[in-house]
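Below is one structure, written out as structure tokens; the observations come after it.
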Amino acid sequence: MKKKNFPLSEVYRLLEPGPVVLLTTIRAGRANVIPMSWHLMMEFTPPLVGCVVSNGNYSFASLKKSRECVINIPTVELAKTVVACGNTSGQSVDKFKKFGLTPVVAACVKAPLIAECYASLECKVVDMKLVTKYNFFVLEVVQAWIDPTQNKPRTIHHQGEGEFMLPGRIFRLRSPKTALGGKL
Ligand SMILES: Cc1cc2nc3c(=O)[nH]c(=O)nc-3n(C[C@H](O)[C@H](O)[C@H](O)COP(=O)(O)O)c2cc1C
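In this text, residue positions in the sequence shown follow the numbering used here: the first is -3, and each later residue adds one.
Structural data, given as structure tokens:
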């Protein structure tokens, strides 16, 4: 499946509902991948994303050193793979090989996109002031890709303790006034 270019100004729409993502990094020429649910949008354009990558994870040093990564957004079809990637460490396992994920060369960073994910955001680390204290990295999305064939991607949302939620009904509200008066 070939992804098409996605506007940077729309990137917030992919992340705001907080789906579990697969973060890829690269270290000594080998790519690694972890599920991550502790992330948030911080700015529309350029899109800034804050995230916590624990310093106990192999990915932490990779991200700190390379200052690059890709945020890949999986759908429910990949749920078991997502959990499997969270239960193993890149220190001892090549997760791409072990879990059958396909790396795709990125345009602006060395870490790969994941072909099986419906969207991929190439990111550069732009602020590490809170890394020592909180393991908190600020990323700028420099290139975004999306699969144009998926118009209602079923992303997964972590509830903790191995429990996940699927997105529910989509509704549209024109203004805050309508929101107060309208029935949901
Ligand atoms: C659903 C889910 C969400 C997770 N979210 C995060 C996260 O936001 N930050 C983090 O550091 N680890 C998170 N983890 C844990 C890492 O993915 C896990 O520790 C992983 O095995 C680290 O791999 P590594 O040693 O190859 O870096 C999450 C795991 C799961 C299953």
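Cβ coordinates follow ideal geometry from the N, Cα and C atoms, glycine included.
When you compare only the Cα positions, how much space is there between residue i and residue j?
i, j, result
"Asn147", "Met124", "35 angstroms"
"Leu44", "Val89", "30 angstroms"
"Val137", "Ser116", "10 angstroms"
"Arg170", "Ser85", "45 angstroms"
"Phe160", "His154", "5 angstroms"
"Val132", "Val101", "In the sequence as displayed, the identity of residue 132 is Phe instead of Val. Computed Cα separation, rounded: 26 angstroms."
"Val17", "Val134", "16 angstroms"
"Leu4", "Thr41", "7 angstroms"
"Cys119", "Trp34", "16 angstroms"
Since residue i is in the beta strand (DSSP E), which residue starts that stretch and which ends it?
i, result
"Ser50", "Premise fails: Ser50 is in no beta strand (DSSP E) and is neither H nor E."
"Cys104", "Counting along the chain, Cys104 falls outside any beta strand (DSSP E), and DSSP gives it neither H nor E."
Around the Cβ of residue i, are there at least 16 other Cβ atoms within 10 angstroms (buried) or fewer (exposed)?
i, result
"Gln98", "Inspection of the sequence shows that residue 98 is occupied by Thr rather than by Gln. Its Cβ having fewer than 16 others within 10 Å, Thr98 is exposed."
"Ala24", "exposed"
"Gly82", "buried"
"Met32", "buried"
"Gln87", "exposed"
Could you tell me which residues DSSP pairs with residue i in its beta bridges?
i, result
"Gly156", "Glu159"
"Cys119", "Cys65, Val137"
"Lys0", "Ile142"
For the alpha helix (DSSP H) that contains residue i, what are its first and last residues?
i, result
"Phe92", "91 to 94"
For residue i, which option in the options has the closest C-alpha, if you only look at C-alpha atoms?
i, options, result
"Pro149", "Lys94, Gly46, Pro70, Met38", "Pro70"
"Asn1", "Asp143, Ala75, Gly156, Gln87", "Asp143"
"Arg9", "Ser58, Met38, Thr77, Lys61", "Met38"
"Val7", "Leu36, Thr21, Arg26, Ala27", "Leu36"
Under 7 angstroms between C-beta atoms, does residue i make it to chain C?
i, result
"Phe92", "This model lacks chain C altogether; it includes just one protein chain."
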